[in-house]
Amino acid sequence: MSLVELIARADARGLAASGLACLDRCVPLLDGDDEALRPLWATLADDTGAEAGSDWPASLAQVRDKLAGPDATGEDEAVVLARRMLEAAPAECSGPAMRTWADACSVASLRIHRLLDPAADTAPEADVPRDGGTRGLPPLVAAELRRQAGVLELLAERGAAGLRPALEVSTEGRRVLRAVVSRRARGRG
Numbered sequence: 042m043s044l045v046e047l048i049a050r051a052d053a054r055g056l057a058a059s060g061l062a063c064l065d066r067c068v069p070l071l072d073g074d075d076e077a078l079r080p081l082w083a084t085l086a087d088d089t090g091a092e093a094g095s096d097w098p099a100s101l102a103q104v105r106d107k108l109a110g111p112d113a114t115g116e117d118e119a120v121v122l123a124r125r126m127l128e129a130a131p132a133e134c135s136g137p138a139m140r141t142w143a144d145a146c147s148v149a150s151l152r153i154h155r156l157l158d159p160a161a162d163t164a165p166e167a168d169v170p171r172d173g174g175t176r177g178l179p180p181l182v183a184a185e186l187r188r189q190a191g192v193l194e195l196l197a198e199r200g201a202a203g204l205r206p207a208l209e210v211s212t213e214g215r216r217v218l219r220a221v222v223s224r225r226a227r228g229r230g
């Protein structure tokens, strides 16, 4: 199933986890630590009788305060895209706004990975196709596409039990992107 189809079929928790995982992998661009999005992951995992994501608004406010950065003017495109993902997160963990956000995060994260992939072609403005496989894509972009699909598949198959492995997939991607960002900063310095 393509990434577009997986997003179209995902439930609210799957959509929230998908968007959150995309943002989580891009946290190094926001100078965030590995625990920056933990409050949002925790609210998705909360099954104490309340609806999953019921603490989402308060957790989202906490995360936004923690990752608040300077005005986006003058920042490179990858950082601006990551900031927009965080800013666009819906206040509620349900409804059509969550599907729109998850889809936008998918596109933005793939674009970020294309911008940062040293093996990417010279036309990084092109959107990464999300309705096919990874053939012909630069390595960093192909890995991000696989991670996005993997997160959605885990949540579709396992429900709330898929959150922990989805977070592990995201953590792996964040480490990779952190290394790329670090290498890029050394190259500029």
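Those letters in the sequence shown? Residues 42 to 230, per the numbering used here, in order. The C-beta atom is built at its ideal place from N, Cα and C for all residues, glycine as well.
Open item on the list: Rounded to whole angstroms, what is the Cα-Cα separation between residue 86 and residue 155?
Closed with: 31 angstroms
Task: Closest by C-alpha distance to residue 145, when choosing among 200, 124 and 158 - done: 124
Task: Residues near residue 160 by beta carbon distance below 8 angstroms, same chain, minus five either side - done: 179, 180 and 181
TODO: Leaving aside the five residues before and after residue 190 along the sequence, list all residues of the same chain whose C-beta is less than 7 angstroms from its C-beta, in chain order.
DONE: 44 and 47
TODO: Indicate the three-state DSSP secondary structure (helix, strand or coil) for residue 229 in the structure shown.
DONE: helix
Open item on the list: So, at 6 angstroms on beta carbons, what are the nonlocal neighbours of residue 61 in its own chain, with the 5 sequence-adjacent residues on each side left out?
Closed with: 81
Task: Simplified DSSP state of residue 234, which is helix, strand or coil - done: Residue 234 lies beyond the range of the chain shown here (42 to 230); nothing can be said about it.
Open item on the list: Considering only the alpha carbon of each residue, which of 42, 67 and 53 lies closest to residue 223?
Closed with: 67
Open item on the list: Contact defined as beta carbons within less than 8 angstroms: I believe residue 127 pairs with residue 105. What is the distance between those atoms, to the nearest angstrom?
Closed with: 6 angstroms
Task: residue 169, DSSP secondary structure in three states - done: coil
Task: Contact under 7 angstroms by Cβ, residue 63 with residue 97 - done: no
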